[in-house]
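Respectively, the protein sequence lines represent chains A and B.
Be aware that the first sequence starts at 92, since it is given in my numbering, and climbs by one per residue.
Be aware that the second sequence starts at 92, since it is given in my numbering, and climbs by one per residue.
Cβ coordinates follow ideal geometry from the N, Cα and C atoms, glycine included.
What follows is a single structure, written as structure tokens, with notes after it.
Number of protein chains: 2
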Amino acid sequence: MIKALRGAGPATLSMLAERTGLSRPSTKDVVDDLTSLGWVEEVPPAAGTMGRPARRYRFRADGGHLVGVDIGAHNIRAALADLDGNVLAETRQAARPDAPLEERLAAIKRAVMGCLDLGGPTMSDLWMVAVGTTGLVTPEGRIIMSASISAWKDLNLAGLLREMFPCRVLIENDSRLAALAETRRGVARGAGDVVFLHIGRRMGTGLILDGKLHRGFGAAAGEIVMLPETRWVTAPDDLNGCAIVPKGTPIEDAAGFTLAAARNGDPTALDAVGRFTEKLAVGAAAAVLLLDPEIVVLGGGFSRSADVLLPPLRHRLERVCLRMPKLRGSTLGDECVVLGAIDYAIDHLDQFFFAPDGPALRPAVVPERTV
Amino acid sequence: MIKALRGAGPATLSMLAERTGLSRPSTKDVVDDLTSLGWVEEVPPAAGTMGRPARRYRFRADGGHLVGVDIGAHNIRAALADLDGNVLAETRQAARPDAPLEERLAAIKRAVMGCLDLGGPTMSDLWMVAVGTTGLVTPEGRIIMSASISAWKDLNLAGLLREMFPCRVLIENDSRLAALAETRRGVARGAGDVVFLHIGRRMGTGLILDGKLHRGFGAAAGEIVMLPETRWVTAPDDLNGCAIVPKGTPIEDAAGFTLAAARNGDPTALDAVGRFTEKLAVGAAAAVLLLDPEIVVLGGGFSRSADVLLPPLRHRLERVCLRMPKLRGSTLGDECVVLGAIDYAIDHLDQFFFAPDGPALRPAVVPERTV
Numbered sequence: 092m093i094k095a096l097r098g099a100g101p102a103t104l105s106m107l108a109e110r111t112g113l114s115r116p117s118t119k120d121v122v123d124d125l126t127s128l129g130w131v132e133e134v135p136p137a138a139g140t141m142g143r144p145a146r147r148y149r150f151r152a153d154g155g156h157l158v159g160v161d162i163g164a165h166n167i168r169a170a171l172a173d174l175d176g177n178v179l180a181e182t183r184q185a186a187r188p189d190a191p192l193e194e195r196l197a198a199i200k201r202a203v204m205g206c207l208d209l210g211g212p213t214m215s216d217l218w219m220v221a222v223g224t225t226g227l228v229t230p231e232g233r234i235i236m237s238a239s240i241s242a243w244k245d246l247n248l249a250g251l252l253r254e255m256f257p258c259r260v261l262i263e264n265d266s267r268l269a270a271l272a273e274t275r276r277g278v279a280r281g282a283g284d285v286v287f288l289h290i291g292r293r294m295g296t297g298l299i300l301d302g303k304l305h306r307g308f309g310a311a312a313g314e315i316v317m318l319p320e321t322r323w324v325t326a327p328d329d330l331n332g333c334a335i336v337p338k339g340t341p342i343e344d345a346a347g348f349t350l351a352a353a354r355n356g357d358p359t360a361l362d363a364v365g366r367f368t369e370k371l372a373v374g375a376a377a378a379v380l381l382l383d384p385e386i387v388v389l390g391g392g393f394s395r396s397a398d399v400l401l402p403p404l405r406h407r408l409e410r411v412c413l414r415m416p417k418l419r420g421s422t423l424g425d426e427c428v429v430l431g432a433i434d435y436a437i438d439h440l441d442q443f444f445f446a447p448d449g450p451a452l453r454p455a456v457v458p459e460r461t462v
Numbered sequence: 092m093i094k095a096l097r098g099a100g101p102a103t104l105s106m107l108a109e110r111t112g113l114s115r116p117s118t119k120d121v122v123d124d125l126t127s128l129g130w131v132e133e134v135p136p137a138a139g140t141m142g143r144p145a146r147r148y149r150f151r152a153d154g155g156h157l158v159g160v161d162i163g164a165h166n167i168r169a170a171l172a173d174l175d176g177n178v179l180a181e182t183r184q185a186a187r188p189d190a191p192l193e194e195r196l197a198a199i200k201r202a203v204m205g206c207l208d209l210g211g212p213t214m215s216d217l218w219m220v221a222v223g224t225t226g227l228v229t230p231e232g233r234i235i236m237s238a239s240i241s242a243w244k245d246l247n248l249a250g251l252l253r254e255m256f257p258c259r260v261l262i263e264n265d266s267r268l269a270a271l272a273e274t275r276r277g278v279a280r281g282a283g284d285v286v287f288l289h290i291g292r293r294m295g296t297g298l299i300l301d302g303k304l305h306r307g308f309g310a311a312a313g314e315i316v317m318l319p320e321t322r323w324v325t326a327p328d329d330l331n332g333c334a335i336v337p338k339g340t341p342i343e344d345a346a347g348f349t350l351a352a353a354r355n356g357d358p359t360a361l362d363a364v365g366r367f368t369e370k371l372a373v374g375a376a377a378a379v380l381l382l383d384p385e386i387v388v389l390g391g392g393f394s395r396s397a398d399v400l401l402p403p404l405r406h407r408l409e410r411v412c413l414r415m416p417k418l419r420g421s422t423l424g425d426e427c428v429v430l431g432a433i434d435y436a437i438d439h440l441d442q443f444f445f446a447p448d449g450p451a452l453r454p455a456v457v458p459e460r461t462v
């Protein structure tokens, strides 16, 4: 019923009965229940309507709030969204990869509180915090290890964050969430099988298979970076360490410098881009040859220069792939992980709370263990 | 209803009502329909039963027949099965990779007719012929290309076989069918995500994801062999061309000779096995790192020597994989593709004919276009 109302404008009971396949009396019962829960509200008739118009209802996307958090090695981003996934406020803080755990946790708290301050709602309006971060994350929200955040080592991150925020907490691998965002609001919208290449100072992949986030049997899917033949671990050095980058350029700006120079035809930069895309193409080709996806999305920090990277990547993939998938640069940029976290939270809402047999309570007041 | 009866022994109406969730009168109606179609029959009461026993019914697995065919470059195999997938008869013929199309088609016809002759049923008892073959096969049964059968080039194989056999014809990639057989009757039984390594004179992979055969957007999934870094195209030469293989050994026996010598500790043969498994491990690791499957199955011709190949393969995978899946040798041997073809045909039956809204006719008399 929520799906029949979400994002589709106000609807009458007859429209909802048709969309859901329920009888009109059953539709009325469900809508009444949802209204009393605060998830649905009646919309006043349009001004100037003649006679007695049919009552119209809409999903109350502002009936609760979600925060998506991207905990990277170098940045912590957060975004506040309504229950339709519309972003209302954002924060970003720089971080140090080797920051001690307490410092990183304090930054996460500031990120979420900052969003609430900016966006207006209070902690009690917060239904869910969904986190994307680097490394091996179990479905229960425990971090086994991460190659890029030193404090991430056999850590019950979900447990720590649940002590911090009095609401539901979800944790998932960042590249997987970014891939999800591409299929919900990005260039892969509606595609069934998607390979997301998460490229930047760190390289990763996220897979969407048959429309669903692919986690793998032990939550370790998407780690083609570990295959030595890809040389993905050191690939970013080709762009960061290019000879044309001026001495003293901060590491976070180095690759952008090289990519901009390549765009302007600098031969040294073009050579660096060539070496980088050659490595990128090995891992990308492995994924394409194995899975034959509908689309490959280039995302992450370097994807702002997708115009420079896509032509040489396409050229190399065409040489080895039996069938070329669509190849697109992400348009979600640095926000891909927070947006994916928000979309993941919305999926969780749809699955556990707005489902026909879901709990008839706001998520914030349902004890964690019932999910 | 067929699922509730298949493979589970005779059942009473009460048992069937419980298994299907239907009311008892509805169960009776469906069972009566299926009986009149010849798909279900009543079983006589056991001898010596006292009083009036409940009527018992069973699925008539012998009510129709299926043939699975494996069209390889060097061999054409076929197996006749009942509707439960039990194999009743088999044939094998040697073939030449460069045989002209007419010769290959004639061999396919002999393979199927040979199975019928051996097993007893006539052509009119044949419900389905399911074929596995090398190369890129579209869902409609057209072969785009094959690296190992020269006559397989932009060929409407399904169309040709439908002219040959008056029944339903299905065509699918052979490695995918072998992977399916492993999940239905092999070492991967019941696993959700499976990577099947099809190794022999030709190398391939088949993927089962979320319990389903993964075909890919353009039916080109599983082709990691095309990634140059795997060196899979030439990997079989390590075993076939080992110095210890006696001159004049037929190519089909060469690798077996090397593997047997390695089993006995011959250092030259062990070195060849080392080089082969090093290449095998690159493609296997790419699949494991990307997908994090529950199990990897080593199948195909060389898998008869899985005892020799698995330890060095495991050793190499453990060095690069974040999480080691189960690693097992196939027990289906050379029959893996024909068995997979039979299992694929049974899936097709379940989906299109035994489904609640399927056609109320034997597949052989339903026009092809209605499926």
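Closer than 9 Å to chain A by CB, residue i
{"i": "B:V399", "result": "no"}
{"i": "B:T182", "result": "no"}
{"i": "B:R460", "result": "The predicted model places B:R460 with a pLDDT of 43, which falls under 50 and marks its position as unreliable; any figure quoted below should be read in that light. Taking Cβ atoms only, chain A never reaches closer than 9 Å to B:R460, which makes this a no."}
{"i": "B:A451", "result": "The pLDDT assigned to B:A451 is 48, lower than 50, so where the model puts this residue is not dependable; a value taken from the coordinates is nonetheless given after this. So, not an interface residue."}
{"i": "B:K303", "result": "yes"}
{"i": "B:T321", "result": "yes"}
{"i": "B:G283", "result": "yes"}
{"i": "B:V373", "result": "yes"}
{"i": "B:L68", "result": "No answer is possible for residue 68 of chain B: the residues shown for chain B start at 92 and end at 462."}
{"i": "B:L318", "result": "yes"}
Own chain partners of residue i with C-beta closer than 6 Å, once the 5 adjacent residues on each side are dropped
{"i": "B:S237", "result": "T225, G226, W243"}
{"i": "B:G313", "result": "S266, T296, G297, L298"}
{"i": "B:A455", "result": "Note that B:A455 scores a pLDDT of 49, beneath 50, so its modelled location is shaky and nothing firm can be said."}
{"i": "B:G302", "result": "G283"}
Option nearest residue i by Cα separation, candidates the options
{"i": "B:L136", "options": "B:A152, B:I162, B:P101", "result": "A quick correction: the sequence has Pro, not Leu, at residue 136 of chain B. Minimum Cα distance to B:P136 is reached at B:P101."}
{"i": "A:I235", "options": "A:D208, A:E263, A:L268, A:V399", "result": "A:E263"}
{"i": "A:A334", "options": "A:T349, A:A397, A:E320, A:T321", "result": "A:T349"}
{"i": "B:L246", "options": "B:P191, B:D208, B:P212", "result": "B:P191"}
{"i": "B:S474", "options": "B:A164, B:D328, B:D120", "result": "Nothing in the structure corresponds to residue 474 of chain B, since chain B is present only between 92 and 462."}
{"i": "A:T213", "options": "A:E193, A:L171, A:L248", "result": "A:L171"}
{"i": "B:A363", "options": "B:E385, B:V286, B:P384, B:D328", "result": "B:D328"}
{"i": "A:G390", "options": "A:D383, A:H289, A:T368", "result": "A:H289"}
{"i": "B:W130", "options": "B:D173, B:R146, B:P358", "result": "B:D173"}
Test: residue i CB closer than 9 Å to a CB of chain B
{"i": "A:A311", "result": "yes"}
{"i": "A:R306", "result": "yes"}
{"i": "A:A377", "result": "yes"}
{"i": "A:I315", "result": "yes"}
{"i": "A:T296", "result": "yes"}
{"i": "A:T340", "result": "no"}
{"i": "A:V121", "result": "no"}
{"i": "A:R414", "result": "yes"}
{"i": "A:E409", "result": "no"}
{"i": "A:L380", "result": "yes"}
{"i": "A:L300", "result": "yes"}
{"i": "A:P384", "result": "yes"}
Cβ separation of residue i and residue j, assumed to be a contact under 8 Å, to the nearest whole Å
{"i": "A:I315", "j": "A:G374", "result": "5 Å"}
{"i": "B:L381", "j": "A:L361", "result": "The Cβ separation is near 30 Å, so there is no contact."}
{"i": "B:L217", "j": "B:V160", "result": "So it is not a contact: roughly 12 Å between Cβ atoms."}
{"i": "B:L352", "j": "B:F393", "result": "Reading the sequence as shown, one finds Ala at residue 352 of chain B and not Leu. With a Cβ gap of about 14 Å, B:A352 and B:F393 do not count as contacting."}
Own chain residues within Cβ distance below 7 Å of residue i, not counting five before or after
{"i": "A:T111", "result": "M92, A95, T118"}
Contacts around residue i, its chain only, beta-carbon distance under 8 Å, and the 5 residues preceding and following it disregarded
{"i": "A:R354", "result": "S396, D398, V399"}
{"i": "B:R276", "result": "G176, L423, L430, D434"}
{"i": "B:S278", "result": "With the sequence shown as reference, residue 278 of chain B is identified as Val, and Ser is not the correct amino acid for it. The answer, listed in chain order, is I386, V388, R419, G420, S421, T422."}
Across the region 339 to 349 of chain B and the region 400 to 411 of chain A, are there enough close Cβ pairs to call them in contact, namely three or more that are closer than 8 Å? no
Pairing CB atoms from the region 148 to 157 of chain B with CB atoms from the region 274 to 282 of chain B, are three or more of them under 8 Å? no
State whether the region 359 to 377 of chain A contacts the region 406 to 417 of chain A, with contact taken as three or more CB pairs (one from each stretch) at a distance under 8 Å. Touching, yes.
Within 8 Å, do at least three Cβ pairs link the region 320 to 328 of chain B to the region 418 to 429 of chain B? no
The region 206 to 223 of chain A contacting the region 248 to 259 of chain A, beta-carbon criterion three pairs below 8 Å: Here the region 206 to 223 of chain A makes contact with the region 248 to 259 of chain A; the two share three or more CB pairs at distances below 8 Å.
Quick check: the region 126 to 133 of chain A against the region 186 to 197 of chain A, are there 3 or more CB pairs under 8 Å? no
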